[in-house]
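Take a look at the structure below.
Protein chains in written order, with my numbering: chain V, 55 to 330; chain G, 391 to 758.
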């Protein structure tokens with residue numbers, strides 16, 4: 055066997071096992087969600103497919119799954135949009151204007167983003183109670199924006215820094231105001247970076263658990279991660295089928311978003327990786 | 391429109407203190423003149439262009455477009471870039487990558503809220519002028535460097551600006567394309583009669599293109615004049631070596647008095663002083679001076695005589711029509727242009743200098 059073929063084989067095998075390793079929990083989730091007996095992996099129990107769990111999750115009033123899904127989508131989308139808008143405006147300022155203490159500001163923002171969530175969750179609860187916002191969307195959207203903003207700002211700053219300043223100058227000379235340069239030139243040119251940052255912010259908010267657990271009390275604002283976690287206690291047993299079915303549905307929006315923006319995101323993630 | 395720059399200064403605040411990018415520059419640029427800002431990198435020429443455009447503000451002095459003051463920190467006046475009706479072309483082209491060529495050219499008109507029909511006509515006209523009509527549907531990424539620069543020029547000229555600014559527009563093009571685009575730029579500028587400032591570090595470009603040239607160094611003007619003036623009468627040693635290719639030779643020389651009139655010695659060879667420099671030498675009152683002489687004004691003879699400097703031929707560069715000879719002399723190297731090869735490598739040659747073409751400089755002279 056030539057070295058080249060061996061290399062190819064090893065590469066294929068490596069890719070295959072990595073793929074399998076990453077995907078196996080999802081496969082398990084998928085099968086458990088549509089299996090009559092959730093513990094079907096035991097050899098003595100046959101796999102009998104059923105859609106009853108999916109049906110229960112989607113139709114059962116008492117589970118409120120659709121409410122959770124709606125809450126999650128709204129909260130995550132609002133957080134992502136707000137985050138991206140604020141972060142890209144800030145990134146534009148940071149990369150284009152000179153003001154004192156810029157470096158210190160960026161380092162401070164990075165440091166703040168490292169604070170663990172737990173350290174502020176108590177205070178956040180008191181704050182939201184005082185505001186009367188517990189169990190509403192703003193109670194989640196504002197902390198999520200604050201929480202994802204530092205990372206988004208850093209990603210977008212490095213992205214904006216790679217857009218040549220001559221483009222700004224050209225825009226200004228062509229008669230634009232600074233704001234117009236940002237909206238008409240920089241945003242469209244930075245679209246891949248903005249989309250991937252937006253998706254990242256969306257997924258972070260979509261998966262967030264601790265704040266959602268503390269700041270919501272029922273289905274009117276509760277998001278999916280917390281909602282699914284509470285399935286366990288509902289009927290005195292652990293409803294694995296329903297949990298897995300719900301989890302399966304939950305992955306769908308993220309997959310759809312990724313597929314829609316796939317081309318832009320790949321551009322965004324790989325751009326600048328090599329010298330252009 | 392006439393442009394006036396009066397004692398303009400620009401300093402930037404950095405962590406390590408102030409950087410003076412432009413110091414005390416005064417220039418007058420005539421109506422529809424093609425004016426060149428020439429200088430090595432970091433001489434402040436691009437900053438000066440940004441100041442005229444209004445992308446930066448002065449810290450001192452005044453800029454006037456015609457009679458209108460556009461920037462004067464003393465009077466608290468600053469007209470922002472979008473109200474100055476200037477257009478700019480960049481070395482990096484700076485085309486908007488997300489818009490096609492038509493949209494790129496139309497962009498300044500759209501920002502100015504012109505009517506659609508008007509925009510279409512203006513874009514077609516300028517595209518025809520620059521011969522890029524068939525490119526209008528393409529994206530900038532699909533064009534070659536030369537085509538991109540044409541689009542950038544079209545975008546700048548489409549709204550008939552009063553001042554046309556170019557920041558090293560040809561530096562990214564290959565040599566042949568550069569020469570042809572240069573000629574075309576000159577033709578366009580003559581046709582449209584727009585006051586133009588052109589920034590470059592390439593002295594050939596400056597010489598071939600400009601009506602007048604301002605040579606800059608370290609944020610200050612060294613010399614302003616026509617290309618001929620800069621070539622024939624450079625004011626300082628820096629101007630002498632920066633303009634012209636191959637550069638002017640600078641030879642250390644000493645002034646000696648003989649029978650009441652000053653003479654020059656180079657490496658103990660006595661030489662006549664040109665008439666026009668005698669008063670200057672007397673006024674300077676120093677022994678040591680720098681003698682500037684262009685490579686084409688040194689004559690090579692095979693034998694050395696009383697009035698010739700002797701040297702060794704080191705390298706011969708054939709330039710086609712003539713040869714560039716590097717000649718080793720006791721104090722360094724001399725460049726000589728000669729139509730014939732005259733000698734072989736390693737041979738001794740005699741060099742004589744025509745006093746008419748000598749330029750003399752004070753070796754301690756500062757450029758600013």
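Idealized CB from N, CA, C, for every residue including glycine.
| field | Whole-number beta carbon distance between residue 494 of chain G and residue 530 of chain G, since they are thought to touch under 8 Å | value | Rounded, the Cβ-Cβ distance is 7 Å, consistent with contact.
| query | Near residue 431 of chain G, what residues of its chain come up, given a Cβ to Cβ distance below 8 Å and the 5 sequence neighbours on each side ignored? | reply | For residue 431 of chain G, the CB contacts under 8 Å within the same chain, skipping 5 residues up- and downstream, are 591 in chain order.
| Straight-line gap, residue 651 of chain G to residue 744 of chain G (C-alpha atoms, nearest Å) | In this model, residue 651 of chain G and residue 744 of chain G are separated by some 18 Å (Cα to Cα).
| Sub-9 Å separation of residue 522 of chain G and residue 548 of chain G beta-carbons | Cβ atoms of residue 522 of chain G and residue 548 of chain G: not closer than 9 Å.
| request: Over the uninterrupted beta strand (DSSP E) stretch that includes residue 396 of chain G, give me the two end residues. | output: Annotation: the continuous beta strand (DSSP E) that includes residue 396 of chain G extends over 393–404.
| field | CB contact below 9 Å: residue 248 of chain V versus chain G | value | Nearest CB-CB separation between residue 248 of chain V and chain G: not below the 9 Å threshold.
| Three-state secondary structure assigned by DSSP to residue 346 of chain G | Coverage of chain G is limited to positions 391 through 758, which leaves residue 346 of chain G absent and any answer about it impossible.
| said: By the 9 Å beta-carbon criterion, what residues does the stretch 233–245 of chain V contribute toward chain G? | reply: Answer in chain order: 234, 238, 239, 242, 243 and 245.
| said: Taking the straight line between their C-alpha atoms, what separation do you get for residue 339 of chain G and residue 691 of chain G? | reply: Because chain G here runs from 391 to 758, residue 339 of chain G falls outside it and cannot be looked at.
| Residue-chain proximity (residue 227 of chain V, chain G), Cβ-Cβ < 9 Å | Nearest CB-CB separation between residue 227 of chain V and chain G: below the 9 Å threshold.
| said: Relative to the C-alpha of residue 279 of chain V, which candidate in V:130, V:65, V:87 and V:217 has its C-alpha closest? | reply: Measuring from the Cα of residue 279 of chain V, the nearest candidate turns out to be V:130.
| request: Whole angstroms is fine: what's the gap from residue 277 of chain V's alpha carbon to residue 466 of chain G's? | output: One C-alpha to the other measures close to 56 Å.
| query | Interface residues of chain V around residue 445 of chain G at Cβ under 7 Å? | reply | Residues of chain V with a Cβ closer than 7 Å to the Cβ of residue 445 of chain G are, in chain order, 223 and 226.
| message | Applying the 10 Å Cβ sphere with the 16-neighbour rule, what's the burial state of residue 588 of chain G? | response | Of the other Cβ atoms in all chains shown, 16 or more fall within 10 Å of the Cβ of residue 588 of chain G; this residue is therefore buried.
| request: Check each candidate in G:392, G:697 and G:394 and name the one with the smallest Cα separation from residue 659 of chain G. | output: Nearest Cα to residue 659 of chain G within the set G:392, G:697 and G:394: G:697.
| task | Count the C-beta pairs between the stretch 173–185 of chain V and the stretch 231–242 of chain V that are closer than 8 Å, then say yes if the count reaches three, no if not. | result | The stretch 173–185 of chain V is not in contact with the stretch 231–242 of chain V.
| said: Am I right that residue 753 of chain G and residue 678 of chain G are in contact with their C-beta atoms under 8 Å? What's the rounded C-beta distance? | reply: The distance from the Cβ of residue 753 of chain G to that of residue 678 of chain G is about 6 Å, consistent with a contact at the 8 Å cut-off.
| said: Using a 10 Å radius around the Cβ and a threshold of 16 neighbouring Cβ atoms, would you call residue 76 of chain V buried or exposed? | reply: It is exposed - the Cβ of residue 76 of chain V has fewer than 16 other Cβ atoms within 10 Å.
| field | Extent of the continuous alpha helix (DSSP H) run through residue 79 of chain V | value | Secondary structure note for residue 79 of chain V: its alpha helix (DSSP H) is the uninterrupted segment 57–87.
| query | Mapping DSSP to helix, strand and coil, what is residue 169 of chain V? | reply | The answer is coil: DSSP assigns residue 169 of chain V none of H, G, I, E or B.
| request: Could you tell me whether the Cβ of residue 591 of chain G comes closer than 9 Å to any Cβ of chain V? | output: Answer no: the Cβ-Cβ gap between residue 591 of chain G and chain V never drops below 9 Å.
| request: Look up residue 222 of chain V in the DSSP assignment and say whether it is helix, strand or coil. | output: When DSSP states are grouped into helix, strand and coil, residue 222 of chain V belongs to the helix group.
| said: Against chain V, which members of the stretch 474–500 of chain G pass a CB distance test of less than 7 Å? | reply: Going along the stretch 474–500 of chain G in chain order, one finds 476, 477, 478, 480, 482, 484, 486, 487, 488, 497 and 498 with a Cβ nearer than 7 Å to chain V.
| task | Check the Cβ of residue 502 of chain G against every Cβ in chain V and list those closer than 8 Å, keeping chain order. | result | Those within 8 Å of residue 502 of chain G in chain V are 229.
| field | Contact check, residue 294 of chain V vs residue 86 of chain V, beta carbons under 9 Å | value | Yes; because the gap between Cβ atoms is below 9 Å, this pair is in contact.
| chain V partners of residue 400 of chain G, CB-CB under 8 Å? | Those do not exist, as residue 400 of chain G stays about 14 Å from chain V at its closest Cβ, beyond 8 Å.
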